[in-house]
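Numbering (this note's numbering), first residue to last: 27 to 376.
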Ligand code: NAD
Ligand code: TYD
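This is the structure in structure tokens:
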């Protein structure tokens, strides 16, 4: 095997797309997917690769220092692509502590395990931190986040990701660990847990439930097809410079209300409903506290230096996404039974 790569959080939304890409594209890499399988982790996301020779799954918690040290000793990873995280802003508002534990402490535990194992022999080694554009805070009507934009996180989620990015950089400057970081905009596509905007709306449209749009609905996000993100990660992992940061975005800004309208129209078409039927379900609800008004990425650096650009445009991506959820209702039913019902009740209680 040419490389032994630890991917953390590989049973989650983005992680599962990345694991699939890496396992299939690089048969001579050994891919170890480490995941705690929280509510957001699901091995059903990886059914098609679970029996591949170059793939291994390990159930573990990244905050468990002893377990991480043992794992590094056993597998002698030469690279880490770190995605494991608590990832939902609303949950970070109601329960910040698990974000501090997993996103900050967990990242340091992994950095320490890598440092103790690599012992300053950095040749061929790489620690890749997968991060978010939310660390940059919020934009007004104009402007874009560049790699030079100062960090200004505003939610417990984004503050915990910002903190872990700083720590990863600190290990580069202090110990010389070869690191790279990418900060990506909002992803969408198959296997996203239906607490996030698009799959939540798709699930509610299916069940003719109200579509809860926060505040005035004019909050803006830059949406990226998840497989385009996985391809960008592959490129940054192989071609990115040590110590550098790369912004990844879809060049695809939508106000939430416009995106939900577009989704409603796609769903009406797919479900054979009268045009406009699903839009009737939209309800404006209480805003998220500290809600960031606008995120938008300037992805010039990754385009110019590494040659990455998004391939799937939003109109096509939305249709693909809606179709996937409608063709995979078993998956959706599984993840929305049990604890999800309680979450939904508490989050959307008026
Ligand atoms: P996700 O919530 O779908 O998946 C997270 C995964 O991490 C799950 O499989 C979960 O079981 C696992 N996990 C959580 N705590 C763990 C722990 N203590 N130990 C081991 N595993 C643990 O998240 P996602 O949307 O796939 O995001 C993945 C990464 O990408 C995160 O670091 C997130 O900050 C970042 N990111 C996400 C987006 C987005 O739009 N979703 C955008 C930019 C960056
Ligand atoms: P989300 O998918 O939670 O991603 P993030 O907060 O990381 O950007 O939310 C995307 C946008 O949609 C955000 O502006 C909040 C809004 N939103 C709603 O209006 N209603 C909802 O039920 C959810 C989950 C999000």
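All C-beta atoms, glycine included, are put in the ideal place defined by N, C-alpha and C.
Cβ pair residue i, residue j closer than 8 Å
i	j	result
residue 188	residue 179	yes
residue 337	residue 254	yes
residue 170	residue 322	yes
residue 243	residue 283	yes
residue 84	residue 137	no
residue 319	residue 158	no
residue 110	residue 88	yes
residue 33	residue 68	no
residue 213	residue 39	yes
residue 238	residue 309	yes
residue 108	residue 49	no
residue 266	residue 332	yes
residue 328	residue 292	no
residue 80	residue 101	no
residue 140	residue 106	yes
Delimiting residues of the alpha helix (DSSP H) encompassing residue i
i	result
residue 225	223 to 232
residue 288	282 to 297
residue 317	Here residue 317 belongs to no alpha helix (DSSP H), and DSSP marks it neither H nor E.
residue 120	115 to 120
residue 356	355 to 362
residue 50	39 to 51
residue 97	91 to 101
residue 301	First-last for residue 301: undefined, no H or E at that position.
Endpoints, the beta strand (DSSP E) within which residue i is located
i	result
residue 272	271 to 274
residue 152	152 to 158
residue 310	308 to 311
residue 61	55 to 61
residue 31	29 to 34
residue 85	81 to 85
residue 240	237 to 240
residue 65	Looking at the DSSP string, residue 65 is not in any beta strand (DSSP E), and its letter there is neither H nor E.
residue 374	It is not in any beta strand (DSSP E) - residue 374 carries neither H nor E in the DSSP assignment.
residue 212	212 to 214
Where residue i falls: helix, strand or coil (DSSP)
i	result
residue 184	helix
residue 164	coil
residue 279	strand
residue 75	coil
residue 143	helix
residue 246	strand
residue 205	strand
residue 107	strand
residue 251	strand
residue 177	coil
residue 219	coil
residue 268	coil
Proximity test, Cβ basis, 8 Å: residue i and chain D
i	result
residue 355	The structure shown has no chain D; it contains just one protein chain.
Could you tell me whether the stretch 350 to 366 touches the stretch 213 to 220, using the rule of 3 or more Cβ pairs below 8 Å? yes
Quick test of the definition: if touching needs 3 or more C-beta pairs under 8 Å, does the stretch 305 to 320 touch the stretch 199 to 212? no
I want to know whether the stretch 104 to 121 touches the stretch 69 to 76 - three or more CB-CB distances under 8 Å. With the cut-off at 8 Å, the stretch 104 to 121 and the stretch 69 to 76 do not touch.
Evaluate contact between the stretch 268 to 281 and the stretch 243 to 250, counting only Cβ atoms and requiring at least three cross-stretch pairs below 8 Å. yes
The stretch 257 to 264 contacting the stretch 43 to 50, beta-carbon criterion three pairs below 8 Å: yes
Count the CB pairs spanning the stretch 226 to 246 and the stretch 302 to 311 that are closer than 8 Å, and state whether there are at least three. yes
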